[in-house]
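Heads up, the thing below is written out as structure tokens.
In structure tokens, the structure reads:
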């Protein structure tokens, strides 16, 4: 056996071992003490008052705001990026609406939603007088939204992700980069990687976990698809919002171990797993009317979102099967939410949404092939 062949075999063996380890960590139960302790580090009483001298630490940024952790608590503060808009106020209203509706349904308890505590506008002198110094220099009074912090994935799992997907020359730096502690994994069920080669830049903040990666790790991709589908059905037909720009991510267990769920309410395969599905970011959501115009809004939002949801019309049997499972779970949950006594026109809307997504994907693929 020549040296090149030996190295290739060694690499394949190492890659297989890494993937096996990642599968074990993603599916491990939190009752295993080491990971449970890791997943709960720095998450304390959510209702502790904001006080003290510790600076808020930036842990993320989006289109509408910069996100800061509140040291000593399990809360985050989202600070508006632009004065004079209502994005965070809309985020607060929609977030509260979603929390109320999800509490009604047992079958969406496998999707966690962060608690939503309060909103303060830029004119709230009481809050800003007490807290402006806790933000980094250069920040001033803006609208602010306080919610529960989604716990990051545990350290063992973060390091395993780095070892599997980071370029070898960057691994040690990635493990020592403070920002990589704030690790949430976006569930991209509607996208496969174009290349398996590591990129020159690596970050675990908002790490994109594609469907091919989940398959290679032996994760329950079909289960994630059904969970997303049921959540989307509740957003559409009870919360009655289009779900524009919402995110589905894998994060750690809630700080209290249960969050929106209660003991015994999760499907057995999801109970106390260290990696839990979370739904967040409602600032761009809009109310949708219960008619064809509302369905059109929801279809548009489906394609504007990052590729969390499976896509129809795929030539690959695996991807088409994932869409079929998503579609069936969406329609079943929609029927449960709307109820058998609703008018025929309302009960037909979920099928209209599914048909709209299929038609939209066909148009997208046709335009792409030209």
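In this note's numbering, the protein residues as written are -10 to 359. Note that CB positions come from ideal geometry on N, CA and C, so glycine has one too.
- The continuous beta strand (DSSP E) containing residue 67 extends over residues 64 to 69.
- Of all alpha-carbon atoms in 316, 326, 352, 328, the one lying nearest the alpha-carbon of residue 340 is that of 316.
- By alpha-carbon distance to residue 302, the top candidate from 294, 130, 152, 312 is 312.
- DSSP, read as helix, strand or coil, puts residue 47 in strand.
- Between the beta-carbon of residue 267 and that of residue 223 there is about 15 angstroms, and that puts the pair past the 8 angstroms contact cut.
- Apart from the 5 residues on each side of it in sequence, residue 169 sits with its Cβ closer than 8 angstroms to the Cβ of 147, 151, 163, 192, 193, 194 in its chain, given in chain order.
- Proximity of the region 288 to 302 to the region 165 to 181 meets the contact definition, three or more beta-carbon pairs being nearer than 8 angstroms.
- Every unbroken stretch of the beta strand (DSSP E) spanning 3 or more residues and falling wholly within the region 173 to 259 is given here in chain order: 174 to 177, 196 to 199, 236 to 240.
- If you compare the alpha carbons of 78, 145, 131 with that of residue 16, the shortest gap goes to 145.
- In this structure, residue 121 and residue 102 do not form a Cβ contact; the two beta carbons are roughly 29 angstroms apart against a cut-off of 8 angstroms.
- With 16 or more other CB atoms across the displayed protein chains lying within 10 angstroms of its CB, residue 272 is buried.
- In the assembly as shown, residue 346 is a buried residue. Its beta-carbon has 16 or more other beta-carbons within 10 Å.
- For residue 136, the uninterrupted beta strand (DSSP E) run begins and ends at 133 to 137, by DSSP.
- Taken atom to atom, the span from the alpha-carbon of residue 100 to that of residue 84 is near 14 angstroms.
- Contact between the region 277 to 288 and the region 183 to 190 is absent: fewer than 3 CB-CB pairs across the two stretches fall below 8 angstroms.
- Per DSSP, residue 53 has no beta-bridge partner at all.
- Put simply, the backbone Cα of residue 93 is about 14 angstroms away from that of residue 221.
- One thing to note: residue 70 has its Cβ within 8 angstroms of the Cβ of residue 54.
- Here the C-alpha atom of residue 275 lies approximately 5 angstroms from the C-alpha atom of residue 230.
- Of all alpha-carbon atoms in 308, 109, 139, the one lying nearest the alpha-carbon of residue 132 is that of 109.
- Apart from sequence neighbours up to five positions away, the residues of its chain that approach residue 213 with a beta-carbon distance below 7 angstroms are 176, 178, 266, ordered along the chain.
- Taken in chain order, the unbroken stretches of beta strand (DSSP E) that lie wholly in the region 93 to 162 and span 3 residues or more are 105 to 109, 133 to 137.
- For residue 346, no beta strand (DSSP E) run applies; the uninterrupted alpha helix (DSSP H) run containing it begins and ends at 338 to 358, by DSSP.
- For residue 43, the closest of 119, 5, 114, 98 by C-alpha to C-alpha distance is 119.
- Under the DSSP definition of a beta bridge, residue 265 partners with 240.
- Straight across, the Cα-Cα distance linking residue 91 with residue 97 is about 7 angstroms.
- Of the other Cβ atoms in all chains shown, fewer than 16 fall within 10 Å of the Cβ of residue 359; this residue is therefore exposed.
- The beta carbon of residue 105 is closer than 7 angstroms to those of 81, 84, 85, 88, 136 in its chain, skipping five residues each way along the sequence.
- Ranked by how close their Cα comes to the Cα of residue 46, the residues 76, 167, 351 have 167 in first place.
- Residue nearest to residue 9 within the set 208, 328, 308 is 208 (criterion: CA-CA distance).
- DSSP lists 46, 65 as the bridge partner or partners of residue 58.
- For residue 324, the enclosing alpha helix (DSSP H) covers residues 306 to 327.
- In the three-state reduction of the DSSP assignment, residue 300 falls in the coil class, being assigned neither a helical nor a strand state.
- In the DSSP assignment, the residues bridged to residue 18 are 262.
- Measuring C-alpha to C-alpha distances from residue 226 to each of 336, 58, 78 identifies 336 as the nearest.
- Non-local C-beta neighbours of residue 199 in its own chain, meaning closer than 6 angstroms and more than five positions away in sequence, comprise 177, 180, 181, 182, ordered along the chain.
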